[in-house]
Ligand SMILES: Cc1cc2nc3c(=O)[nH]c(=O)nc-3n(C[C@H](O)[C@H](O)[C@H](O)COP(=O)(O)O)c2cc1C
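In the numbering used here, the protein residues as written are 6 to 290.
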């Protein structure tokens with residue numbers, strides 16, 4: 006991932022919030038194209054077949070409903086994955102589409118991830134979702150409206166959207182499992198802060214990270230659930246988003262590394278499902 010931002014990624018992570026009320030005007034076509042640059046096969050980190058479409062309200066005869074959640078949006082990005090590997094598709098959509106969201110934030114646009122509150126039939130049709138595909142996410146994108154509506158306040162309040170879990174509940178030392186404070190995170194404090202501020206479905210923040218000297222392992226915490234997460238668990242999208250924030254934050258912090266899907270075998274709680282590890286590049290000098 007190499008994205009050109011005007012702001013620091015750590016600033017973008019703070020600036021970004023879910024925008025559900027938009028000014029009723031079209032998004033500048035060039036700005037939209039720039040946001041969609043990361044939505045290509047080049048960033049297909051998980052090897053899944055994902056596909057993205059910009060759906061413009063005025064060019065679509067279908068009513069694109071969001072149960073009143075979104076107001077004034079003129080454009081929606083839709084994210085579709087092949088059903089061949091839903092888990093990889095969900096992770097990849099999170100990873101790729103959050104790059105688009107950060108680019109949008111950088112140029113003054115707002116957006117909101119929608120995994121549930123959209124009219125499935127209308128958006129399946131508008132995105133041309135085929136039999137072997139699943140529509141995963143709908144993302145309204147546009148210029149933020151001035152004032153939040155009452156419904157938006159209620160939704161944000163119910164999900165506790167303004168809050169995040171403390172560092173110590175999300176990030177741990179891989180050697181002994183002790184919680185990691187922001188101070189103790191050292192060089193990793195920027196990328197970890199970016200992960201902490203990432204959006205997640207119903208603000209569940211299901212990501213847990215174990216850090217060693219040379220790698221950072223990402224897990225989905227299933228909590229008290231017994232079974233493995235379903236292939237189409239929306240929390241895989243959350244994990245992809247967290248990986249995007251981490252990598253962008255690491256680049257800002259001057260850390261170089263790469264993703265590895267081999268489980269490093271850290272001793273992790275039984276409720277943790279391994280997703281990927283970010284390996285710090287060895288200094289060649
Ligand atoms: C994968 C995913 C799915 C989401 N689905 C919905 C949704 O269906 N409806 C909605 O209003 N917000 C949805 N959200 C937005 C979250 O509620 C929001 O990101 C979270 O509460 C944190 O708030 P913030 O984005 O303002 O920081 C979703 C977010 C993510 C990451």
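For glycine and all other residues, C-beta sits at the position ideal for the given N, C-alpha and C.
Asked: Quick check: residue 200 and residue 251, are their CB atoms within less than 8 Å of each other?; Found: yes
Asked: Going by other Cβ atoms of all chains shown within 10 Å of its Cβ, with 16 needed for buried, is residue 44 buried or exposed?; Found: buried
Asked: Hey, which unbroken runs of the alpha helix (DSSP H) at 4 residues or more fall wholly within the stretch 117-203?; Found: 125-131, 155-164, 172-175, 194-201
Asked: Among the residues of its own chain, which have a CB less than 8 Å from the CB of residue 174, if the five just before and after it don't count?; Found: 184
Asked: What is the DSSP secondary structure of residue 279, reduced to helix, strand or coil?; Found: strand
Asked: Contact defined as beta carbons within less than 8 Å: I believe residue 77 pairs with residue 241. What is the distance between those atoms, to the nearest angstrom?; Found: That belief does not hold up - the Cβ atoms of residue 77 and residue 241 are roughly 30 Å apart, past 8 Å.
Asked: In this structure, how does DSSP classify residue 271 when only helix, strand and coil are distinguished?; Found: coil
Asked: Kindly indicate which residue of 189, 197, 254 has the alpha-carbon position closest to the one of residue 169.; Found: 197
Asked: What's the call for residue 17, buried or exposed, on a 16-neighbour Cβ count within 10 Å?; Found: buried
Asked: Which word fits residue 136, buried or exposed, when buried means at least 16 other C-beta atoms lie within 10 angstroms of its C-beta?; Found: exposed
Asked: Going by DSSP, what residue range makes up the beta strand (DSSP E) through residue 224?; Found: 220-226
Asked: So for residue 285, helix, strand or coil by DSSP?; Found: strand
Asked: Suppose you measure from the CA of residue 155 to the CA of residue 102; what does that come to, to the nearest Å?; Found: 27 Å
Asked: For residue 210, I'd like the list of residues in its chain whose CB is within less than 6 Å of its CB, leaving aside the five on either flank, ordered along the chain.; Found: 170
Asked: From which residue to which residue does the alpha helix (DSSP H) around residue 52 run?; Found: Segment: none, residue 52 is in no alpha helix (DSSP H) and carries neither H nor E.
Asked: State buried or exposed for residue 30, treating a residue as buried only when at least 16 other CB atoms are found within 10 Å of its CB.; Found: exposed
Asked: Are there three or more Cβ pairs, one per stretch, closer than 8 Å when the stretch 65-74 is compared with the stretch 46-54?; Found: no
Asked: Thinking residue 141 and residue 85 are a contact (beta carbons under 8 Å), I'd like their distance in whole angstroms, please.; Found: 7 Å
Asked: Check whether the Cβ of residue 166 sits closer than 7 Å to any heavy atom of ligand 3, and report yes or no.; Found: In the structure shown, ligand 3 is absent; the only ligands present are ligand 1.
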